[in-house]
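Residue numbers (UniProt numbering): 1 to 309. Notes for the one structure printed next.
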Ligand code: 9Z3
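So this is what it looks like as structure tokens:
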């Protein structure tokens with residue numbers, strides 16, 4: 001199913017080049033004995049036309065993936081950040097509510113006056129920049145971009161198989177909000193759909209679940225964490241347990257759309273740990289991803305140790 005889907009959709013551009021970049025990156029991390037996590041982030045688009053004017057999208061803005069990436073880096077992981085273009089990015093996300101130009105001013109009146117950061121923003125920017133420069137020096141973050149569902153799935157397969165060589169010290173943290181429905185290529189019009197043809201009826205097919213080949217074939221030794229998103233709290237844990245049973249991976253992070261920034265459940269076959277944030281923690285700028293990553297790093301260490309403790 002998954003293989004058939006990947007075969008019938010076109011591969012993203014420069015896939016081989018990207019593969020060698022990722023393999024080089026992983027090799028560098030191996031040399032310094034760093035664990036590597038693949039973080040997926042943001043929503044996938046589903047095109048309605050081959051020459052795409054319109055597409056179906058979803059709500060995800062990539063906060064979970066971008067924030068988690070920063071905390072994984074702080075914990076000493078290297079991160080392959082597989083993200084939706086124009087979704088939130090680690091480090092830059094802290095500035096996403098600002099107009100970039102409002103942060104700056106000219107230092108003087110003449111034509112070639114240098115640009116500087118306004119004094120009121122110095123502290124914030126220097127702290128972001130310090131963390132970012134550290135990551136640049138360590139070469140511990142690799143950016144890989146997708147937009148559509150098929151780009152995402154091809155890149156997910158490629159990144160996962162590249163991680164195979166790391167065995168248990170690879171983690172996958174699948175936070176991207178992946179479409180469940182798509183239009184197969186042979187049923188997709190080539191050109192822009194014309195409104196003159198009247199109301200539009202869409203028939204969408206189910207996207208095969210990639211977790212199955214991912215766990216069984218692409219990266220069988222890794223520590224795999226998937227996310228389960230629901231809007232109905234009554235089915236959240238049972239659906240998470242079903243996923244664990246079906247795909248046989250290590251852990252599901254269960255979250256509800258409305259409360260996802262305040263509470264999640266870490267579900268394993270024999271345990272369910274609640275992680276939550278108090279109002280004070282949230283209002284002082286703390287994020288739930290810090291707690292999630294702390295817990296995962298500890299579980300991953302146990303997973304990697306020979307006796308599992
Ligand atoms: C999540 O559940 C993420 O936590 C969110 C984060 C997408 C809710 P934001 O990007 O949101 O910070 O705005 N991701 C996984 C969603 C998903 O598609 N899960 C599938 C499912 O629930 C399984 S892979 O069936």
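Cβ atoms here follow ideal geometry from the backbone N, Cα and C, with glycine treated the same way. All of these numbers come straight from a predicted model, not from anything done at the bench.
Query                                                                                                                                                                       : Result
So what's residue 183 in DSSP terms, helix, strand or just coil?                                                                                                            : coil
Return yes when the Cβ of residue 9 is within less than 8 Å of the Cβ of residue 150, no when it is not.                                                                    : yes
Who are the Cβ neighbours of residue 209 in its own chain at under 7 Å, not counting the five residues just before and after it?                                            : none
Just to confirm, are residue 211 and residue 226 a CB contact at a threshold of 8 Å?                                                                                        : yes
Cβ of residue 207 within 8 Å of Cβ of residue 228?                                                                                                                          : no
Nearest chain C C-beta to residue 30 closer than 8 Å, yes or no?                                                                                                            : The chain inventory of the structure shown lacks chain C, comprising one protein chain alone.
Assuming contact is defined by CB atoms lying nearer than 8 Å, are residue 11 and residue 190 in contact in what I supplied?                                                : no
What residue range is occupied by the uninterrupted alpha helix (DSSP H) comprising residue 267?                                                                            : Residue 267 -> not in any alpha helix (DSSP H); beta strand (DSSP E) instead, spanning 263 to 268.
For a minimum of 3 consecutive residues, which ranges assigned as the beta strand (DSSP E) are wholly contained in the stretch 143 to 225?                                  : 170 to 174
Exposed or buried, what is residue 218 when buried is set at 16 or more other beta-carbons lying within 10 Å of its beta-carbon?                                            : buried
Could I get the ranges of all uninterrupted beta strand (DSSP E) runs contained in the stretch 270 to 304, with 3 residues as the minimum, in chain order?                  : 271 to 276
Within its chain, find whatever has a CB closer than 7 Å to the CB of residue 135; leave out the 5 residues flanking it on each side and keep chain order.                  : 73 and 141
Under three-state DSSP, which class holds residue 84?                                                                                                                       : strand
For the beta strand (DSSP E) containing residue 118, name the first residue and the last one.                                                                               : Element bounds for residue 118: n/a, residue is neither H nor E.
For residue 26 and residue 196, I'd like the C-alpha separation in whole angstroms.                                                                                         : 52 Å
So, residue 83 versus residue 42, is the Cβ gap smaller than 8 Å?                                                                                                           : yes
Who are the Cβ neighbours of residue 21 in its own chain at under 8 Å, not counting the five residues just before and after it?                                             : 142
Once you ignore the five residues that flank residue 123 on each side, which residues in its own chain have a CB closer than 7 Å to its CB?                                 : none
Going along the chain, which residues of its own chain have a beta-carbon closer than 7 Å to the beta-carbon of residue 66, five neighbours each way excluded?              : 41, 88, 89, 90 and 93
For residue 297, collect the residues of the same chain with a Cβ closer than 7 Å to its Cβ; drop the 5 residues on either side in sequence, then sort them by chain order. : 75
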